[in-house]
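Structure record follows, encoded as structure tokens.
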Amino acid sequence: MSNTDASGEKRVTGTSERREQIIQRLRQQGSVQVNDLSALYGVSTVTIRNDLAFLEKQGIAVRAYGGALICDSTTPSVEPSVEDKSALNTAMKRSVAKAAVELIQPGHRVILDSGTTTFEIARLMRKHTDVIAMTNGMNVANALLEAEGVELLMTGGHLRRQSQSFY
């Protein structure tokens with residue numbers, strides 16, 4: 786029985802082989818997408834995300850929205866701190882936050898990630914009432930501590946100290 790598929794590509798039989806092929810694709814293309822890899826290898830998106838998390842821990846890839854990028858000399862090996870990110874584009878972040886907060890009404894439920902723009906949104910939510918906010922960001926949660934009218938829900942998971950978030 787042949788170990789190749791109809792396109793002539795070697796059929797993957799295990800986790801290590803799949804990860805090796807993902808590494809090859811990263812080297813060839815510079816990036817990969819979760820949905821594409823899931824369809825290609827006939828495994829769930831959860832499995833592919835686990836593969837990409839493993840490759841990130843190995844320093845081979847950097848996870849990005851919907852996929853991953855190859856780690857190379859132009860890819861920063863250290864994620865900028867929340868403090869460093871907060872110092873960038875502050876006027877724009879505050880403007881976006883102000884517009885977003887105006888859309889939040891009593892009875893609304895909002896999900897805020899751990900970003901610095903969402904931190905600005907959380908800071909402006911202090912006077913809101915009857916709102917439920919969910920976040921994976923410690924920075925956002927800390928900003929919402931003073932918002933007594935906002936019920937705060939936190940996601941669980943592993944703490945990424947640099948970004949002050951759970952994943």
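My numbering numbers the first residue of the sequence shown as 786 and each following residue consecutively.
For every residue, glycine included, the Cβ atom is placed at its ideal position computed from N, Cα and C.
How many angstroms separate the CA atom of Lys837 from the CA atom of Ile807? Along the sequence shown, read from residue 1 onward, the residue named residue 837 stands at position 52. Along the sequence shown, read from residue 1 onward, the residue named residue 807 stands at position 22. What sits at residue 837 in the sequence shown is Leu, not Lys. Using only the alpha carbons, I get a separation of about 9 angstroms.
Euclidean distance between Cα positions of Val831 and Leu840: Counting from 1 along the sequence shown, the entry for residue 831 is found at position 46. Counting from 1 along the sequence shown, the entry for residue 840 is found at position 55. Whole-angstrom Cα-Cα distance: 14 angstroms.
Determine the contact status of Leu811 and Val817, defining contact as a CB-CB distance below 7 angstroms. Sequence index remark: in the sequence shown, residue 811 carries index 26 (1-based). Sequence index remark: in the sequence shown, residue 817 carries index 32 (1-based). Contact flag set, yes.
Terminal residues of the continuous beta strand (DSSP E) containing Leu938? Your numbering for residue 938 matches position 153 in the sequence shown. Residues Val935 to Met939.
Is the beta carbon of Val895 less than 7 angstroms from the beta carbon of Ala918? Translated into the one-based positions of the sequence shown, residue 895 becomes position 110. Translated into the one-based positions of the sequence shown, residue 918 becomes position 133. Yes, the pair counts as a contact, with Cβ atoms nearer than the cut-off.
With 16 as the cutoff for other CB atoms within 10 Å, does Leu944 come out buried or exposed? Here residue 944 corresponds to residue number 159 of the sequence shown, with the count starting at 1. Leu944 is exposed by the Cβ-count criterion.
Rank Ser871, Glu805, Val935 and Glu868 by C-alpha distance to the C-alpha of Gln890 and give the top, closest one. Stepping through the sequence shown from its first residue, residue 890 is reached at position 105. If we check each option's Cα against that of Gln890, Val935 comes out closest.
Closer than 7 angstroms by C-beta to Leu937: which residues in its own chain qualify, once you throw out the five before and the five after it? Chain order, please. Residue mapping note: residue 937 aligns to position 152 of the sequence shown, counting from 1. Only Ala918, Ala926 and Leu929 meet the Cβ criterion.
Assuming Gly815 contacts Ile855 under a Cβ cut-off of 8 angstroms, what Cβ separation, rounded to an integer in Å, is found between them? If you number the sequence shown from 1, residue 815 lands on position 30. If you number the sequence shown from 1, residue 855 lands on position 70. Confirmed, Cβ separation roughly 5 angstroms.
What alpha helix (DSSP H) runs, 4 residues minimum, are completely inside the stretch 805–891? 819–826, 830–842, 867–871 and 875–888
Starting from the C-beta of Thr860, find all residues in its chain whose C-beta is less than 6 angstroms away, skip the five residues before and the five after it, and write them out in chain order. Taking the first residue of the sequence shown as 1, we reach residue 860 at position 75. Summary for Thr860: the model assigns pLDDT 45, below 50, so the residue's position carries little reliability; its value from the coordinates is reported in the next sentence. Cβ within range, chain order: Val847.
Reduced DSSP category for Arg945 - H, G, I as helix; E, B as strand; rest coil: Here residue 945 is taken as the residue at index 160 of the sequence shown, counted from 1. Arg945: strand per DSSP, three-state reduction.
How far does the alpha helix (DSSP H) with Arg911 in it extend, from its first residue to its last? Reading the sequence shown from its first residue, position 126 is the one you call residue 911. Unbroken run through Arg911: none, as it is neither H nor E.
Is Ala907 close to chain B? Criterion is C-beta to C-beta, closer than 7 angstroms. In summary, chain B is missing from the structure at hand, where a single protein chain is found.
Can you have a look at Arg946 and say buried or exposed, based on whether 16 or more other CB atoms are within 10 angstroms of its CB? Your numbering for residue 946 matches position 161 in the sequence shown. It is exposed - the Cβ of Arg946 has fewer than 16 other Cβ atoms within 10 Å.
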